[in-house]
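Protein chains: 2
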Amino acid sequence: MPFTYEYPRPALTVDCVVFGFDEGDLKVLLIERDLKPFAGRWALPGGFVNLDETIDTAARRELAEETGLTEIYLEQLYTFGTVDRDPRERVVSVAYYALVKLEDHRPRAATDARKAAWFNVDDIPSLAFDHAEILDTALRRLKGKVRYEPIGFELLPEKFPLSQLQHLYEVCLEEPLDKRNFRKKILGMGLLTETDEVQQDVAHRAARLYRFDSRRYQQLKKRGFSFWL
Amino acid sequence: MPFTYEYPRPALTVDCVVFGFDEGDLKVLLIERDLKPFAGRWALPGGFVNLDETIDTAARRELAEETGLTEIYLEQLYTFGTVDRDPRERVVSVAYYALVKLEDHRPRAATDARKAAWFNVDDIPSLAFDHAEILDTALRRLKGKVRYEPIGFELLPEKFPLSQLQHLYEVCLEEPLDKRNFRKKILGMGLLTETDEVQQDVAHRAARLYRFDSRRYQQLKKRGFSFWL
DNA sequence: TCAAAAGTGTTAACCATACACCCATGC
DNA sequence: GCATGGGTGTATGGTTAACACTTTTGA
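Residue numbers (this note's numbering), protein chains in the order written: chain A, -16 to 212; chain B, -16 to 212.
Set out below in structure tokens:
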């Protein structure tokens, strides 16, 4: 069932950089390739774009197929199109990055048909294709964007202690933050609502859990508020 | 000379949003289509990506071919891939935005083979395809990015008075700026070098001209400086 | 001499930073 | 009772925002 065109066309794929946050470490979900080029190497989940789906849809579909992840934060990152990024033929890839609440998705990764695993972002194996460059671009984007958009919450569970949020920001901003100043600033924005729950099973005083109020963020944004950390 | 593939492939194009700044107005360069879909409508310059060129190269080539512009600031914007953005068939387009010093390129536009013209960004005609959406995305990106990267200078001539720079920022930030505070801040960064020239042919006191020192910016950036306005 | 824009400093409010101790809990 | 992190306030310095008049030049 061949398809013929008057001019040659590059193949079009999507690749996804899936970030998670766990115990103070930023992690990325990788998949071990079983097919020909770079077989056995780790790679970003991804695949070909079908003609009857948008590229966003293709990214979500591939993620669901290869990692079981659905209903997650997903955003287009950049399109990679150097001539020989794929040794077989010309392939242009639209890269996405995704943020997942690791708590909800921990077991899935290792037990799937395709071998998938979480890697700490500063301990990444050699990757297939130009995926190291894609990952690098995604990391820079994430680290830049957490400052001015409240996307960090996508990496935390529904309810979280402030210290966890602070750790996340310390990793992203690559600098230690003062506990009191951090609390003042983040609580002062009025985007977090206190729950009546506290941490469970910790060997010290349990911290109060908070929830991000995205309704409220939308309201404030309309009124000219801008998130900044 | 047909090309055949096992699976169907979308066509891949680039489209460019070219910004210029003139007499206090932000402008965009558009081209009148002569070919079939949307013939006679205004559109962004762009075209198909060849197999032997990167997408960046394709964008520069199309710009040169259709508008004569070369050696300009060009950056990838976003990739647009909804299923029926082109009525003929599936076409995915990687959009770029470009910043040009309008002074240098004024005459070219109207005299070329293809009809090209500069339009004020808030007086844009009905555009072909989804080019209105692309333009909108580019505008948001530009307005966001001028705050934290010194790209505004790409829109001004080599030597410019501070008032012109201020007008540019007023348009991009969509708010009036205080003249004294603006000068203090921008001069305080140490990125502008005073020339010994002044405006010519103005019907009032001529303003001193400044030049952006991008060498110095690169140095400062390495030392942790970050541009902010 | 008038019009039009250039150029120039000070003050007050606000915001960001630095900093240290007591508290609650589980072991 | 001790180790571990949770939780809290103040003082200071720096940054930003508001604000008006004089100067230069060409018409």
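Glycine included, each C-beta is placed from N, C-alpha and C at the ideal position.
Exercise. Alpha carbon to alpha carbon, what distance is there between V0/B and L118/B?
Worked result: Taking the second sequence and counting its residues from 1, the one referred to as residue 118/B is at position 135. Taking the second sequence and counting its residues from 1, the one referred to as residue 0/B is at position 17. If you take the alpha carbons of L118/B and V0/B, they lie about 6 angstroms apart.
Problem set entry | Neighbour list for V32/B in chain A, Cβ cutoff strictly below 8 angstroms | Here residue 32/B is taken as the residue at index 49 of the second sequence, counted from 1. In chain order: P(-7), G64 and V75.
For this session: Check the Cβ-Cβ distances between P(-15)/A and every residue of chain B, and say whether any is below 9 angstroms.
Result: The residue you call residue -15/A lines up with position 2 of the first sequence. Output row for P(-15)/A: interface = yes.
Problem set entry | Rounded separation between H88/A and L148/A - CA only | What you label residue 88/A is simply residue 105 of the first sequence in a count that begins at 1. What you label residue 148/A is simply residue 165 of the first sequence in a count that begins at 1. Cα to Cα, the separation comes out at about 19 angstroms.
Exercise. By Cβ distance, which residues of its chain are closer than 6 angstroms to P108/A, with the 5 residues on each side in sequence left out?
Worked result: On the first sequence, position 125 is the one that residue 108/A refers to. Cβ within range, chain order: W25.
Exercise. What does Y(-12)/B pair with, by DSSP beta-bridge criteria?
Worked result: Against the second sequence, residue -12/B aligns to sequence position 5. The partner list for Y(-12)/B (beta bridge, DSSP) reads F(-14)/A.
For this session: Spatial neighbours of Q59/A within its chain, please: CB distance less than 6 angstroms, with the 5 preceding and 5 following residues excluded, ordered by chain position.
Result: As a first step, residue 59/A is located in the first sequence; it is residue number 76 there, counting from the start. Same-chain partners within the cutoff: Y79.
For this session: Drop a sphere of 10 angstroms on the beta-carbon of Y(-10)/B, count the other beta-carbons inside from all chains shown, and report buried for 16 or more, exposed for fewer.
Result: The residue given as residue -10/B occupies position 7 in the second sequence. Classification for Y(-10)/B: exposed.
Exercise. Checking contacts by CB at 9 angstroms: is E48/B closer than that to chain A?
Worked result: On the second sequence, residue 48/B is found 65 positions in, with the first residue counted as 1. So, not an interface residue.
Exercise. Is the CB of I55/B under 9 angstroms away from at least one CB in chain A?
Worked result: In the second sequence, the residue the question calls residue 55/B occupies position 72. No, I55/B lies away from the interface with chain A (no Cβ there is under 9 angstroms from its Cβ).
Exercise. Does any C-beta atom of chain B lie closer than 9 angstroms to the C-beta of T94/A?
Worked result: The residue given as residue 94/A occupies position 111 in the first sequence. Low confidence applies here, because T94/A scores a pLDDT of 46, under 50, leaving its location unreliable and the question unanswered by this model.
Exercise. Any idea if A22/B is buried or exposed, counting beta-carbon neighbours within 10 angstroms, 16 or more meaning buried?
Worked result: Counting from one through the second sequence, the residue named residue 22/B turns up at place 39. The residue in question, A22/B, is exposed, as its Cβ has fewer than 16 Cβ neighbours within 10 Å.
Exercise. Roughly how many angstroms separate the alpha carbons of D105/B and K126/B, rounded to a whole number?
Worked result: As a first step, residue 105/B is located in the second sequence; it is residue number 122 there, counting from the start. As a first step, residue 126/B is located in the second sequence; it is residue number 143 there, counting from the start. So the two alpha carbons sit approximately 14 angstroms from each other.
Exercise. Q59/B versus chain A: which residues are under 8 angstroms apart at the beta carbon?
Worked result: Counting from 1 along the second sequence, the entry for residue 59/B is found at position 76. Within 8 angstroms Cβ-Cβ: Y61 and T62.
Exercise. Listing by chain order, which chain B residues have their CB less than 7 angstroms from the CB of Y152/A?
Worked result: Stepping through the first sequence from its first residue, residue 152/A is reached at position 169. Those within 7 angstroms of Y152/A in chain B number zero; the least Cβ separation is about 17 angstroms.
Exercise. Does the beta-carbon of K167/A have 16 or more other beta-carbons within 10 angstroms, so that it is buried, or is it exposed?
Worked result: The residue you call residue 167/A lines up with position 184 of the first sequence. K167/A should be labelled exposed.
For this session: Assess, as a yes-or-no matter, whether the segment 35 to 48 of chain A is touched by the segment 127 to 145 of chain A under the definition of 3 or more beta carbon pairs within less than 8 angstroms.
Result: no
Exercise. What residue does the beta strand (DSSP E) around L227/A start on, and which one ends it?
Worked result: For chain A, the structure presents residues -16 to 212; residue 227/A sits outside this window and is missing.
Problem set entry | T176/B versus L192/B, V185/B, K162/B and G29/B, residue with shortest Cα-Cα distance | Within the second sequence, the letter at position 193 stands for residue 176/B. That would be L192/B, whose Cα lies nearest to the Cα of T176/B.
For this session: Establish whether the CB of I169/B and some CB of chain A are separated by less than 9 angstroms.
Result: Sequence index remark: in the second sequence, residue 169/B carries index 186 (1-based). For I169/B, the answer is no, since every Cβ of chain A falls outside 9 angstroms of its Cβ.
Problem set entry | Proximity test, Cβ basis, 9 angstroms: T176/A and chain B | Within the first sequence, the letter at position 193 stands for residue 176/A. With 9 angstroms as the cut-off, T176/A does not count as an interface residue toward chain B.
Problem set entry | Three-state secondary structure assigned by DSSP to N164/B | The sequence position of residue 164/B within the second sequence is 181, counting from 1. It is helical.
For this session: Find the nearest neighbour of T(-4)/B within the set G3/B, D17/B, D5/B and V32/B, judged by alpha-carbon distance.
Result: Numbered from 1 along the second sequence, position 13 holds the residue referred to as residue -4/B. Out of G3/B, D17/B, D5/B and V32/B, V32/B has the C-alpha closest to the C-alpha of T(-4)/B.
Exercise. Can the beta-carbon of D(-2)/A be found less than 9 angstroms from the beta-carbon of H114/A?
Worked result: Taking the first sequence and counting its residues from 1, one reaches residue -2/A at position 15. Taking the first sequence and counting its residues from 1, one reaches residue 114/A at position 131. It is a contact, given that the beta carbons lie within the stated cut-off.
Problem set entry | Start-end ranges of the beta strand (DSSP E) lying completely within the segment 109 to 155 of chain A, minimum 3 residues | 142 to 144
Problem set entry | Closer than 9 angstroms to chain A by CB, E180/B | Indexing the second sequence from 1 puts residue 180/B at position 197. It does not; no Cβ of chain A falls within 9 angstroms.
For this session: Give the secondary structure of A(-6)/A by DSSP, where H, G and I count as helix, E and B as strand, and everything else as coil.
Result: For the purposes of this step, residue -6/A is taken as the residue at position 11 of the first sequence. If DSSP states are grouped into helix, strand and coil, A(-6)/A belongs with the strands.
Exercise. Would S76/A be called buried (16 or more neighbouring beta carbons within 10 Å of its own) or exposed?
Worked result: On the first sequence, residue 76/A is found 93 positions in, with the first residue counted as 1. With 16 or more other Cβ atoms within 10 Å, it is buried.
Exercise. Rounded to a whole number of angstroms, what is the C-alpha to C-alpha distance between T50/B and L9/B?
Worked result: For the purposes of this step, residue 50/B is taken as the residue at position 67 of the second sequence. For the purposes of this step, residue 9/B is taken as the residue at position 26 of the second sequence. C-alpha separation (whole angstroms): 18 angstroms.
For this session: Compare the C-beta of I38/A against all C-beta atoms of chain B and say whether one is closer than 9 angstroms.
Result: Counting from 1 along the first sequence, the entry for residue 38/A is found at position 55. So, interface residue.
Exercise. Between D(-2)/A and chain B, is there a C-beta pair that is closer than 9 angstroms?
Worked result: On the first sequence, residue -2/A is found 15 positions in, with the first residue counted as 1. Chain B contact via Cβ: absent.
For this session: Please name the residue or residues paired with F31/B in a DSSP beta bridge.
Result: By one-based count along the second sequence, residue 31/B stands at place 48. For F31/B, which the question treats as bridged, DSSP gives the partners T(-4)/B.
For this session: Answer yes or no: do E137/A and K84/A have a C-beta to C-beta separation smaller than 9 angstroms?
Result: By 1-based counting over the first sequence, the position of residue 137/A is 154. By 1-based counting over the first sequence, the position of residue 84/A is 101. Result yes, Cβ atoms of E137/A and K84/A sit closer than 9 angstroms.
Exercise. Does any CB atom of chain B fall closer than 9 angstroms to the CB of Y200/A?
Worked result: Here residue 200/A refers to the residue found at position 217 of the first sequence. Y200/A does not count as touching chain B.
Exercise. In three-state DSSP terms, what is S209/A?
Worked result: One-based indexing of the first sequence puts residue 209/A at position 226. Three-state DSSP puts S209/A in coil, outside helix and strand.
Exercise. Going by Cα to Cα distance, which pick from L12/A, F2/A, D67/A and L27/A is closest to Y56/A?
Worked result: Residue 56/A sits at position 73 when you count from the first residue of the first sequence. The shortest C-alpha separation from Y56/A is found at F2/A.
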